[in-house]
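Residues in the first sequence are numbered consecutively from 12, following this note's numbering. Right, one structure below, let's go through it.
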Amino acid sequence: MSHCLSPIIDPTMPIMPDEQLSDLQRAIATKVVLQPLEQLPRFVVGVDAAYAPDRVGGGTVACGAAVVIDTSSFEVVEQATATNHKMLDYQPGFLAFREAPVLLEAIAKLRRRPELIVCDGQGIAHPAKAGLACHVGVALDVPTIGCAKNRLVGEHETVDQNRGDSQSLQLTETDGTSTSVGAAVRTRDHVKCVFVSPGHMVDVPTSVAHVLALAPQFRLPETTRAADQLCRAALAGHEGRSK
DNA sequence: GCGACAG
DNA sequence: ATCTTGTCGC
Numbered sequence: 012m013s014h015c016l017s018p019i020i021d022p023t024m025p026i027m028p029d030e031q032l033s034d035l036q037r038a039i040a041t042k043v044v045l046q047p048l049e050q051l052p053r054f055v056v057g058v059d060a061a062y063a064p065d066r067v068g069g070g071t072v073a074c075g076a077a078v079v080i081d082t083s084s085f086e087v088v089e090q091a092t093a094t095n096h097k098m099l100d101y102q103p104g105f106l107a108f109r110e111a112p113v114l115l116e117a118i119a120k121l122r123r124r125p126e127l128i129v130c131d132g133q134g135i136a137h138p139a140k141a142g143l144a145c146h147v148g149v150a151l152d153v154p155t156i157g158c159a160k161n162r163l164v165g166e167h168e169t170v171d172q173n174r175g176d177s178q179s180l181q182l183t184e185t186d187g188t189s190t191s192v193g194a195a196v197r198t199r200d201h202v203k204c205v206f207v208s209p210g211h212m213v214d215v216p217t218s219v220a221h222v223l224a225l226a227p228q229f230r231l232p233e234t235t236r237a238a239d240q241l242c243r244a245a246l247a248g249h250e251g252r253s254k
């Protein structure tokens, strides 16, 4: 019954040591493909998750949402949700193991096959270059972009205050060399930047361009906003009961 | 020992 | 992420 659709990790599996999880992330990073995605697809998927205490089990309930946005109108044309109860605790650098399973389940319920997925978190702007967006992209072999509200790793120069301004996120490797893993992007004048990085089958420049196109009015992409709204509503619907 | 630290 | 009211501003 509770089969997990995630080829990455089963949320019900026994606790795995951080070292082993890091190995998995390095393996995923190996599969990430960085290449331009010149055209923004007409339909873009947004995913996000919300959490709440589980009144019955005493643990935590996670609700994941996947929405399909028509970029010609920014309307939601399709949506799906999924929930699970046993997930790992949040640890910086390991978000994907907690969040990806329920997101993949929600995505699997969509009728259409995603052409591009925008995730609420990092892509390769990650200690092992395998953030949430990479996990999702590699698992489905679909282009993904990570658009996070906060920085995890990497440094950047001061970003000018107008929409469209950006600075590359530079990550210093263990060998001392520096690599661009993403960008701090201003999607609204005088408003805090978002942190954009490729998840899979996109590159930094096209990721930035697409996030800007998807966030014409607010700080966050419409995909993220719609998914956030949906998973919160769905979570509320799952409250007061369990199983 | 003291910070930093996606959601 | 989640806990939480009012409040300043367009």
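Just so it is clear, CB atoms sit at the ideal spot from N, CA and C, and this is done for glycine as well.
- According to the DSSP assignment, glutamate 116 belongs to the alpha helix (DSSP H) that extends over 106-119.
- Annotated three-state conformation of cysteine 204 is coil, per DSSP.
- Collapsing the DSSP output to three states places alanine 73 in a strand.
- Fewer than three Cβ pairs drawn from the stretch 116-133 and the stretch 34-46 lie within less than 8 Å of each other, which leaves the two stretches out of contact.
- Contact between the stretch 224-242 and the stretch 179-187 is absent: fewer than three C-beta pairs spanning the two stretches fall below 8 Å.
- Under the Cβ criterion (8 Å, minimum of three pairs), the stretch 33-40 does not count as touching the stretch 63-81.
- By the Cβ criterion, the stretch 158-168 is not in contact with the stretch 236-248, since fewer than three pairs of Cβ atoms, one from each stretch, lie closer than 8 Å.
- By the C-beta density criterion, histidine 221 is buried, having at least 16 other C-beta atoms within 10 angstroms.
- By the beta-carbon neighbour count (other beta carbons within 10 angstroms, threshold 16), glycine 165 is buried.
- Here glycine 142 is buried, its C-beta having at least 16 other C-beta atoms within 10 Å.
- In this structure, the beta-carbon distance from glycine 57 to valine 129 falls below 7 Å.
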